[in-house]
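Read through the structure below, which is laid out as structure tokens, and then see the notes.
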Amino acid sequence: MSNKDIKNKYNSISGKENKTYYRPDNDNSEYKQSLNNPGEYPYTRGIHDNMYRGKLWTMRQFAGFGKPEETNKRFKFLLKEGQTGLSVAFDMPTLMGYDPDHDFSLGEVGHCGVSISNLKDMERLFDGIDLTKVSVSMTINGPAIVVFAFYVALAIKRNNDLSLLYGTLQNDILKEYIAQKEWIYPPKESMRIITDMVSYCKENLPNYNTISISGYHIREAGSTAQQELAFTLANGFTYVDYCINAGLDVDDFAPRLSFFFNAHSDFFEEIAKYRAARKIWSNIMKVKYKAKNPKSLKLRFHTQTAGCSLTAQQPENNITRTSFQALSAVLGGTQSLHTNSMDETLALPSEKAAEIALRTQQILAHETGVANVADPLGGSWYIEKLTQNMEKDVLDYFQKIDELGGVIECIESGYLQKEIADSSAILNEKIDLKERVIVGMNKYENKDEKITIPILKISKKVEDDQVEFVKKIRLERNNELVGIKLKKIEETSKTHDNLLYPIIDAVLEYATLGEIVESMKNVFGDWQEKSII
């Protein structure tokens, strides 16, 4: 492609030229000092100077259901349709660290994601998919170290160079205590597990994002945009503190931290949230933590449109909601994006609904012109004021959290959980009173509506097959050797040695998720949340 062709690529439909980014024409304007350029500290306007002109965001659709073979088929479909990254959804037993034949797994296997309990399941999940060629994101937290070990062990079995693996592990246990409630071990023990994973990836998987610090679930639980950003960034700085205390230099791990935000329905507020996030992160990393590597200062984030905003009523309206939410994420400078499917309040996404959600991103990228200019709303009086207000509100929350002793102390006391619960109650009251309109649900209803879109259903046979499969693995493996490996995990849990090494060894001998989780639970115990009234 010639220089002329490259230049013309970013022209408007009418042929007008777009610059890479824009600044006020008058250098004496009020924005001269405050409005940095994209790609410049403190990165309010974006972490790259040319943003999507250089590379489009990663289109990463969340997928997972039933048996590994079924999800593998969906992955291959999405890759064929132009998706550029895989994002794995796990079922509830996997998320809670149970094998499919555990009593607590009954009726839940394969329903809200794919069932994975051993290395052979991981082999089936990624059959025919080159792990060195596709970015893999895994949304799991409590037992994240075990599922990550399945992924690493699969790469080892395939003789892959681990340094070529790239993707993201959510691995954000703090937000589980705050919002999503899928924890296993107590907070301090969980933080030890996470620092072990950060250390392992620093040495072995330098291109893998070890923690995706997630505000998404905080927002889904009912927080405000300000709370989402404040609590998420506070969690992020807590991980930084723990890693430094574990002996790591900030620039050794901070470049591989990433974030995960919600794209909700208040369009301009969401854009301001992303811009403020970059500014706050870079300032504190530079001033407080003395980070020297520019990558440590650049907040990179994935965005998912707001699942809690979707309605079961008139589900086709969710396509429109998702489109506007996705647009706010792109205008806010996201690095990757998941667009929810219209049917997600009714069931797991059907193939057709997932395709429409992916096409929404592709239309946004290729037909609207929003990728032609970095930070196209930068300099808007409204956007700049919203960004400043968001920053102030977040810093006020930081002060309160510090006064209460820090994030973990706020979790143990229930402060953060209560803040979210109160905000959720206020929002739901406004919806109930119709002070906040939800189209098709509390206004413009269709009382005679019948759901006509296809719904994905999970057969009981999925659970039966997965139970039979894990029992078969236990019969065929070397159980004496597995017992030795599990004992090693338990012993390592009592020391300061890195847990990932013995866990990977056990995984390669086909120890199961539940067995490994129990080995650590024998040492760490589990955790009960304090009741909040």
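With our numbering, letter number 72 in the sequence shown gets 65, and the count goes up by one each step, no holes. For glycine and all other residues, C-beta sits at the position ideal for the given N, C-alpha and C. Nothing here was measured: the structure is a model prediction, and the numbers come from that model.
Backbone CA spacing between residue i and residue j [nearest angstrom]
i: isoleucine 509; j: glutamate 402; result: 28 angstroms
i: alanine 265; j: threonine 13; result: 20 angstroms
i: glutamate 337; j: serine 251; result: 26 angstroms
i: tyrosine 232; j: asparagine 4; result: 43 angstroms
i: valine 290; j: asparagine 197; result: Before going further, note that residue 290 is leucine rather than valine in the sequence given. Straight-line Cα distance between these residues: approximately 23 angstroms.
i: serine 108; j: glutamate 101; result: 9 angstroms
i: glutamine 318; j: valine 516; result: 44 angstroms
i: alanine 499; j: phenylalanine 260; result: 48 angstroms
i: threonine 332; j: arginine 470; result: 41 angstroms
i: lysine 443; j: threonine 64; result: 29 angstroms
i: tyrosine 375; j: phenylalanine 83; result: 40 angstroms
i: serine 329; j: histidine 104; result: 26 angstroms
i: valine 430; j: asparagine 382; result: 25 angstroms
i: tyrosine 390; j: tyrosine 170; result: 18 angstroms
i: isoleucine 177; j: isoleucine 404; result: 15 angstroms
i: isoleucine 40; j: arginine 249; result: 14 angstroms
i: methionine 52; j: threonine 296; result: 10 angstroms
i: glutamate 175; j: glycine 399; result: 21 angstroms
i: lysine 478; j: lysine 281; result: 42 angstroms
i: glutamate 74; j: tryptophan 50; result: 16 angstroms
i: alanine 256; j: glutamate 263; result: 6 angstroms
i: leucine 339; j: tyrosine 34; result: 44 angstroms
i: glutamate 412; j: alanine 227; result: 14 angstroms
i: glycine 372; j: glycine 32; result: 16 angstroms
i: serine 553; j: cysteine 301; result: The requested residue 553 does not occur in the structure, where the chain is confined to residues -6 to 526.
i: lysine 480; j: serine 486; result: 10 angstroms
i: isoleucine 451; j: lysine 464; result: 21 angstroms
Whole-Å CB distance - residue i paired with residue j, under 8 angstroms assumed
i: tyrosine 193; j: leucine 493; result: 4 angstroms
i: tyrosine 503; j: lysine 113; result: 7 angstroms
i: glutamate 384; j: isoleucine 273; result: 6 angstroms
i: arginine 271; j: threonine 37; result: 6 angstroms
Residue i, enclosing beta strand (DSSP E) - first and last residue
i: methionine 52; result: 51 to 56
i: histidine 295; result: 294 to 298
i: methionine 190; result: First-last for methionine 190: 180 to 197, but that is the alpha helix (DSSP H), not the beta strand (DSSP E).
i: histidine 331; result: 329 to 331
i: isoleucine 204; result: 204 to 207
i: asparagine 256; result: First, the amino acid is wrong: residue 256 is alanine here, not asparagine. From DSSP, the beta strand (DSSP E) with alanine 256 extends over 250 to 256.
i: threonine 161; result: 160 to 162
i: serine 80; result: 78 to 81
N-terminal and C-terminal residue of the alpha helix (DSSP H) that residue i is part of
i: phenylalanine 531; result: Past the boundaries of the shown model lies residue 531; the chain is included only from -6 to 526, so the question cannot be answered.
i: isoleucine 273; result: 260 to 280
i: asparagine 311; result: 310 to 324
i: phenylalanine 517; result: 506 to 517
i: asparagine 472; result: 472 to 486
i: phenylalanine 143; result: 137 to 150
i: serine 416; result: 408 to 425
i: isoleucine 497; result: 493 to 501
i: isoleucine 394; result: 374 to 396
i: leucine 118; result: 112 to 118
i: serine 130; result: Here serine 130 belongs to no alpha helix (DSSP H); instead the beta strand (DSSP E) covers 128 to 131.
i: phenylalanine 230; result: 218 to 238
i: serine 98; result: From DSSP, serine 98 is part of no alpha helix (DSSP H); its letter is neither H nor E.
i: leucine 468; result: 453 to 469
i: glutamate 62; result: 61 to 73
i: lysine 288; result: 287 to 290
i: lysine 345; result: 344 to 360
i: methionine 85; result: 85 to 88
Contact set for residue i: own chain, Cβ-Cβ below 6 angstroms, skip 5 residues either direction
i: valine 81; result: Gly57, Met131
i: asparagine 111; result: Ile466, Tyr503, Thr505
i: glutamine 521; result: none
i: valine 191; result: Thr203, Cys236, Phe246
i: methionine 85; result: Glu101, Cys105
i: leucine 72; result: none
Same chain only: Cβ atoms within 7 angstroms of residue i, ignoring 5 sequence neighbours per side
i: glutamine 26; result: Residue placement at glutamine 26 is flagged as unreliable, the pLDDT there being 49, under the threshold of 50; the coordinate-derived value follows with that caveat. Here the set comprises nothing.
i: valine 139; result: Ile496, Leu506, Ile509, Val510
i: isoleucine 122; result: Phe68
i: threonine 315; result: Thr298, Thr332, Asn333, Ala350, Thr353
i: threonine 279; result: Reading off the sequence shown, one finds lysine at residue 279, where the question assumed threonine. If we look at lysine 279 and ignore the five residues flanking it on each side, its Cβ neighbours are Leu290.
Cβ neighbours of residue i in the same chain (closer than 8 angstroms, five flanking residues each side left out)
i: tyrosine 475; result: Note on identity: in this sequence residue 475 is valine, with tyrosine being the wrong assignment. The answer, listed in chain order, is Ala499, Glu502, Tyr503, Ala504, Glu508.
i: proline 180; result: Ile166, Leu167, Tyr170, Ile401, Ile404, Glu405, Trp520
i: threonine 87; result: Gly106, Val107, Ser108, Ile109, Ser110, Ile133, Pro136, Val140, Leu506
Would you check if there are 3 or more beta carbon pairs closer than 8 angstroms linking the stretch 237 to 247 to the stretch 282 to 290? In short, these stretches touch, since the Cβ pair count reaches three.
Could you tell me whether the stretch 263 to 277 touches the stretch 319 to 330, using the rule of 3 or more Cβ pairs below 8 angstroms? At 8 angstroms Cβ cutoff, the stretches touch.
Count the C-beta pairs between the stretch 410 to 418 and the stretch 215 to 228 that are closer than 8 angstroms, then say yes if the count reaches three, no if not. With a cut-off of 8 angstroms on Cβ pairs, the stretch 410 to 418 is in contact with the stretch 215 to 228, counting three or more such pairs.
Three or more beta-carbon pairs under 8 angstroms between the stretch 117 to 133 and the stretch 70 to 89, yes or no? By the Cβ rule, the stretch 117 to 133 counts as touching the stretch 70 to 89, because three or more pairs are nearer than 8 angstroms.
Quick one: any contact between the stretch 438 to 454 and the stretch 303 to 316, if contact means 3 or more CB pairs under 8 angstroms? Touching, yes, given that three or more Cβ pairs across the two stretches are closer than 8 angstroms.
Report yes or no: do the stretch 339 to 346 and the stretch 441 to 450 share at least 3 C-beta pairs separated by less than 8 angstroms? Here the stretch 339 to 346 lies against the stretch 441 to 450, with 3 or more beta-carbon pairs under 8 angstroms apart.
Cβ contact check for the stretch 134 to 148 and the stretch 161 to 168: 3 or more pairs under 8 angstroms: Touching, per the Cβ criterion.
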